[in-house]
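Okay, structure first, notes after.
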Amino acid sequence: MGYYPYWVSGTFPPEKIDFTKYDWIDFAFVTLNSTIQLSFEDSSCPDLLRRMVAAAHARGKYVKASIGGWGGSQYFSSAVSTDTNRRLFVQEVIRIIKTYSLDGIDFDWEYPGHEGLPGNQVNSADSSNYLLFLQLLRSSLPRQLKITAATSQTPFTDKNGQPMKDVSAFAQELDWIMIMNYDVWQSSSTPGPNAPLYDGCHNSTQPEASAASAIKQWGQAGFPLKKQVLGVPYYGYVSNSNATRLRTRASSPSARLASDDGADQGSISFRNLVNQGALVANPTSNGRRTFTATNGFYRYWDQCSATPYLQSQASKQVVSYDDPESLRMKGQFVKKMGLLGTNTWEMSGDTAQNDLVIALMDGLSSSYS
């Protein structure tokens with residue numbers, strides 16, 4: 001599975017997707033306004049979504065539209081707050097599904113019971129209202145249309161602002177959740193892992209923030225493992241830092257990286273780590289490429305989180321990221337734990353040769369060790 005944000009279409013149009021590697025595509029994003037109407041951020045989106053659906057359906061694959069996102073969660077709280085609003089919201093979802101011949105809908109509310117982006121509406125009853133909305137939506141849609149949700153690493157928030165102890169009612173309405181196991185640490189002078197697989201050193205200041213901890217917390221709260229999807233990143237974070245190792249959850253030619261928006265700190269796709277010269281691909285006998293650090297960068301392995309990082313003394317930069325090795329391990333972990341699969345943010349961050357998704361597929365088809 002993979003998320004496809006509309007803004008990558010200039011360099012990565014829907015027709016470029018290798019549908020042999022993806023079963024489900026989440027088109028990001030549909031926006032929700034204050035009057036409970038769904039629309040798009042950009043005029044190109046309707047055509048893009050139609051092209052996406054046509055390309056996927058021609059290959060026997062599926063498309064959902066994702067509502068919300070980090071910058072699009074402002075009005076979720078009021079949209080589910082009353083029976084009248086919930087019914088209006090359901091009708092809008094049905095309209096979008098029918099208009100674009102979708103195979104389901106995804107909700108990326110960041111986050112019920114928490115403000116998320118400053119200015120977002122928030123209510124202590126968000127999670128209970130969200131459940132009422134999902135129950136109404138599920139009863140209004142044919143069962144073959146999927147309803148999914150992107151979530152944080154901890155279960156939905158109760159009325160007291162704490163993770164719910166029982167989310168089994170949500171599991172009755174949602175076909176699966178996608179746990180966003182990334183952005184744990186972003187750009188920082190003391191950088192940490194973006195997407196920890198686990199807290200292997202048992203010294204994390206955020207012990208709940210790893211793939212292993214996340215699925216355990218959701219599982220203990222009653223959400224079946226077989227309905228959990230692990231979200232994985234095709235990007236990392238560039239930090240201006242002299243650090244020589246990642247924060248414990250607690251003279252050669254050199255390059256200086258720019259993040260994907262051109263700044264000297266921020267997120268950077270795996271593709272651009274290669275394009276900007278921090279990594280170089282090496283063919284191997286089994287056809288799976290490995291990647292070596294170059295141009296003054298050195299690659300290290302963080303045993304605590306099972307993720308790699310790059311460090312350059314010359315440019316004073318550290319990059320926490322995922323590569324084929326760490327993603328293969330995540331795929332193996334997903335298979336071992338009996339999860340439904342993986343979903344990635346986001347598809348265009350892979351190389352043209354699909355090194356990252358191939359590594360995930362290899363992991364999902366092998367045993368965990």
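For the sequence shown, counting from 1, position 236 maps to 236 in the UniProt record's numbering; every step adds exactly one. No residue lacks a Cβ here, since even glycine has one placed at the ideal position from N, Cα and C.
Residue L310 holds the alpha-carbon nearest to the alpha-carbon of Y235 among P283, L310 and S34. Where F89 is concerned, the enclosing alpha helix (DSSP H) starts and stops at D83 to T99. Segment contact: the segment 211 to 227 against the segment 194 to 203, three or more CB-CB distances shorter than 8 Å; contact assigned. In the same chain as K165, and ignoring 5 residues on each side of it, the C-beta atoms closer than 7 Å to its own belong to A221, in chain order. Between the segment 99 to 107 and the segment 55 to 63, the count of Cβ pairs shorter than 8 Å is three or higher; the stretches touch.
Under the three-pair Cβ rule at 8 Å, the segment 110 to 125 counts as touching the segment 149 to 164. Across the set F76, S239 and K227, the C-alpha of S239 shows the shortest separation from the C-alpha of S312. Only residues of its own chain outside the window of five on either side were considered, and among them R289 have a CB closer than 7 Å to the CB of P283, listed in chain order. Secondary structure at F76: helix, using DSSP grouped into helix, strand and coil. N275 sits exposed, since fewer than 16 C-beta atoms from the chains shown fall within 10 Å of its C-beta. Collapsing the DSSP output to three states places A195 in coil. Straight through space, the alpha carbons of L137 and V280 are spaced by roughly 48 Å.
Contact between the segment 39 to 51 and the segment 73 to 81 is absent, with fewer than three C-beta pairs closer than 8 Å. When rounded, the separation of the alpha-carbon atoms in T11 and S81 is 40 Å. Here DSSP, grouped into helix, strand and coil, assigns Y321 to coil. Cβ-Cβ separation between A55 and I17: approximately 7 Å, consistent with a contact (criterion under 8 Å). In this structure, the alpha-carbon of P14 lies about 12 Å from that of C45. Just measuring C-alpha positions, the residue of Q121, L141 and G219 sitting nearest A169 is G219. Around the beta carbon of S124, a 10 Å sphere encloses fewer than 16 other beta carbons of the protein chains shown; the residue is thus reported as exposed.
In the three-state reduction of the DSSP assignment, F107 falls in the strand class, which pools E and B.
The residue from M347, M361 and L356 with its alpha-carbon nearest to that of G2 is M347. Assignment of beta-bridge partners to Q311 by DSSP yields Y298 and V318. Around the beta carbon of P233, 16 or more other beta carbons lie within 10 angstroms, which makes this residue buried.
Of the residues P308, E325, L327 and S326, the one whose Cα lies closest to the Cα of V318 is P308. Its chain contains P13, P14 and E15 as the residues whose beta carbon lies nearer than 8 Å to that of R51, once the 5 sequence neighbours on both sides are disregarded; these appear in chain order.
Looking from the CA of S326, the closest CA among T148, L339 and I358 belongs to I358. Under DSSP, W345 takes part in a beta bridge, and its partners are P233. Distance from the CA of L141 to the CA of I97, rounded to the nearest whole angstrom, comes to 10 Å.
Within the same chain, G104 and D175 come within 6 Å of K146 by CB-CB distance, once the 5 residues on both sides are set aside. About 16 Å separates the Cβ atoms of G161 and E110, ruling out a contact at the 8 Å cut-off. For N240, the beta-bridge partners assigned by DSSP are Q317.
In the DSSP assignment, the residues bridged to Y62 are W24.
Partner residues in the beta bridge of Q228, as assigned by DSSP, are I177. Cβ contact annotation for L48 (same chain, cutoff 6 Å, sequence separation greater than five): Y6 and S9, in chain order.
A residue is called buried when at least 16 other Cβ atoms come within 10 angstroms of its Cβ; Q353 does not meet this threshold and is exposed. Residue pairing for P5: DSSP places it in a beta bridge opposite A28.
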